[in-house]
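Line by line, the protein sequences are chains S and G. This note's numbering puts the last residue of the first sequence at 162; the count rises by one with no breaks. This note's numbering puts the last residue of the second sequence at 1401; the count rises by one with no breaks. We put the beta carbon where it would ideally sit given N, CA and C, even for glycine. Have a look at the structure below before the remarks.
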Amino acid sequence: MRRITGILLCLLVSSIGWADPPAGYPFVAYDEGLRLARQQNKKIFLYFGRYGCGYCGKTNVETFSNRDLRKLYIKHYILVYVDAESGRRLTLPEGERITEMELGARLNVFSSPVFLYLEPSGEIILRAPGYKTVKDFEDFDRYVQGGYYRNQSINEFLAGKS
Amino acid sequence: MRAVAILLGYLVASAVFAADWQFQKPLVVTAASRGVFCHLDASGRKSLAVSDDTVAIVWEDNRSGSAQIYAAFKKIDADGFTPPLRISDAGPAYEPAVAALPHGRFVAGWEANGRVWSRLISPTEKGPVTALSSHPAQQLTLARAATEGKVVAAWAQRRDKWFQIMTAGLTVQNGVVVPRAARLVDDEPPRDHQFYPAIAESRAGVVVAWEDRRQGATRIMTAFAPPAGGFGPPRVLNDFRASRIARFGNGTGAMRVVLATDGQANVTAAWLDKRDFEGGYDVYAAVSEDGGKTFAADEIVQDMLGENTPQWHAAVAMSRQGNIVVAWDDSREGSKDVWFSTREESWSDDNTFPAMEDGRSEAHPVLAYDDHGRLHAAWLELRQGASVIRYVQGMQRFTPP
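Take a look at the structure:
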């Protein structure tokens, strides 16, 4: 059964490997994610993708298809996906209406994919651009969930492998 | 000695094309209090227009408690704008555009309740609101038509699964905006979304540009229709780089195209382009001498000092005299500033408008030339949660060689 689920997940992910969010993950919009993160006091995993982005597709297919990673990230984070070229409207907590593209401009996101880890308040903890492996995401998760970011840079953390 | 000669040669050559800008004192169009947010983000960035001696700026803000559309006007020689005039009736309303009619009158349009709407406005009148779309629609843009007293419009309209670009001519009869001959720009069965149109009409015909996702990544496409003729097949405007990795991706992206014309047959397109993906979006432009039927090769607009910084919110204007200016914002000096470049034989070094201040975000420029070749520009300032729309008027003075 686990094998069938895994294959199904793989098929779902590979079928939309053109930088939509990976299937099988409960990604929500940025404003909804902020609301849920505050409500549940969970950190946010924010995925900036772009339509047609190759490394987004590669990450979707080769990394997000991992069943254990999926389980870990659904447990630990509110998952948010932003299409960096989209005109989809968002309402920020202070009431301002912006678009997903504008969010990228404000957060200085100028490549894709970019993965951001945020406090429930929206404050940025870690910015991780480019293709990432399962191991990368597991390391980032330990860094964020373990609170190491309060005292160490990600490079210091990875060098010491706490 | 040879080096001195080369330097002298360069200085002489530079002087031939040197052009100074003279700007008047910047003015505040509207200043919102904390918690009120202004937006200048029409599709095609057509939020500013000039009719004879009257300037109009339209924007969205939430001062009433929900997003609504406002306009302010000034005579070209006046030292201030009229108080904001609310022009949307229902709402929330978003992303307004404006285009000039003769005699200080304008057509304004916006999105509300999932449709696009339009009305005549001037400092002294508001016509009734007209629906331009019968289906779900968004991202309306407007431009002055080649025929005096008319406006051309384009918007993205949903048909079944996909948004497609529609156009229409707009006339005004007894103060009422009347859409004419609404049609699809590309009547092939859609394969993916078309978004964010820009439109320009010259004596050679009408050209529409838009974001198109049919190739699996966002491309800029254009289509041209001669006067009284149908649109030809869409053409891809932007060069792009194929994906660097096998099996994944469909190449670099591009977005938010803008168009301007001198009214004759010259058209300039500008857009944000990610072909140099490591530096984020750059501003690219292409010019046409046949009304937009064909465009010359892409040209990068910003100078080398802006190369490693992403550019955002490109706007373009062309004067009746053929001058071209492109403006955008970037953070090359730390905070966001509005920059602009003019095109003579090549794109000039980048300039800033007056009133740029350190520590303040200045972004979202909009531009228009008047018939006398004066440039009108506005942008959005953000500081400590409050937004201001600022305006300036300038004139380019060419230095004799």
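Exercise. Who are the neighbours of A105/S on chain G, taking C-beta pairs under 7 angstroms?
Worked result: W1312
Problem set entry | Three-way DSSP call (helix, strand, coil) for R1383/G in this model | strand
Exercise. With a Cβ-Cβ cutoff of 9 angstroms, do S1064/G and A1386/G count as a contact?
Worked result: no
Exercise. What is the DSSP secondary structure of S1348/G, counted as helix, strand or coil?
Worked result: coil
Exercise. At least one CB of chain S closer than 9 angstroms to the CB of M1255/G: is that the case?
Worked result: yes
Exercise. Are S112/S and M101/S closer than 9 angstroms when you measure CB to CB?
Worked result: no
Problem set entry | Chain-ordered neighbours of T1030/G on chain S, where CB pairs are closer than 7 angstroms | Ordered by position in chain S, no residue passes the 7 angstroms Cβ test against T1030/G, which lies about 16 angstroms from the chain.
For this session: Tell me, please, whether the segment 1359-1369 of chain G touches the segment 1329-1341 of chain G by the rule of three or more beta-carbon pairs shorter than 8 angstroms.
Result: yes
Problem set entry | chain B residues whose Cβ lies nearer than 8 angstroms to that of Y1281/G | This model lacks chain B altogether, as its protein chains are S and G.
Exercise. Considering only C-alpha positions, which residue in the set Y149/S, L158/S and L116/S is nearest to I78/S?
Worked result: L116/S
Exercise. Looking at C-beta atoms only, is the number of pairs between the segment 1242-1255 of chain G and the segment 1227-1234 of chain G that lie closer than 8 angstroms three or more?
Worked result: no
Problem set entry | Counterpart residues of K1150/G in DSSP-defined beta bridges | Paired residues: none, contrary to the question.
Exercise. For the segment 1083-1104 of chain G, which residues have a beta carbon sitting closer than 7 angstroms to at least one beta carbon of chain S?
Worked result: none
Exercise. Anyone know if the C-beta pair for T1403/G and I1389/G falls short of 9 angstroms?
Worked result: In this structure chain G extends from 1001 to 1401, so residue 1403/G is not present and cannot be described.
Exercise. Do you know how far the Cα of V1107/G is from the Cα of L1048/G?
Worked result: 11 angstroms
Problem set entry | Residues of its chain near N155/S, where Cβ-Cβ distance is below 8 angstroms and the 5 sequence neighbours each way are ignored | none
Exercise. For D1330/G, which residues of its own chain have a beta-carbon under 8 angstroms away from its beta-carbon, when the five flanking residues on both sides are left out?
Worked result: Q1302, G1306, T1309, P1310, Q1311, W1312, K1336, D1337 and W1339
Problem set entry | N-terminal and C-terminal residue of the beta strand (DSSP E) that G1091/G is part of | No beta strand (DSSP E) holds G1091/G; DSSP gives it neither H nor E.
For this session: Provide the residue span of the alpha helix (DSSP H) that contains H76/S, from first to last.
Result: R67 to H76
For this session: With a cut-off of 8 angstroms on the beta carbons, I'd call V80/S and V28/S a contact; round off their distance for me.
Result: 6 angstroms
For this session: Would you verify that the beta carbon of G52/S is, or is not, closer than 9 angstroms to some beta carbon of chain G?
Result: yes
Exercise. Closest Cβ-Cβ distance between S1047/G and chain S: below 9 angstroms?
Worked result: no
For this session: Give, in chain order, every residue of the segment 26-37 of chain S whose Cβ lies closer than 7 angstroms to some Cβ of chain G.
Result: none
Exercise. Just curious, the beta strand (DSSP E) that D1079/G is in, first and last residue?
Worked result: Where D1079/G is concerned, there is no enclosing beta strand (DSSP E), given that its DSSP letter is neither H nor E.
Exercise. What is the rounded straight-line gap between the Cα of V134/S and the Cα of F1163/G?
Worked result: 36 angstroms
Exercise. Among K1126/G, A1090/G, R1183/G and E1381/G, which residue has its Cα nearest to the Cα of A1072/G?
Worked result: K1126/G
Exercise. By DSSP, does Y81/S sit in helix, in strand, or in coil?
Worked result: strand
Exercise. Are the beta-carbon atoms of R50/S and G1253/G separated by less than 9 angstroms?
Worked result: yes
Exercise. Can you give the Cα-Cα distance for E1188/G and P1092/G, rounded to whole angstroms?
Worked result: 33 angstroms
Problem set entry | DSSP bridge partner residues for G1394/G (one or two, in chain order) | F1023/G and L1375/G
Problem set entry | Coarse secondary structure for I1245/G, derived from DSSP in three states | coil
Problem set entry | Nearest neighbour of V1206/G, chosen from V1267/G, W1328/G, P1136/G and A1099/G [CA to CA] | V1267/G
Problem set entry | Assigned exposure category for R1241/G - 16 Cβ within 10 Å defines buried | exposed
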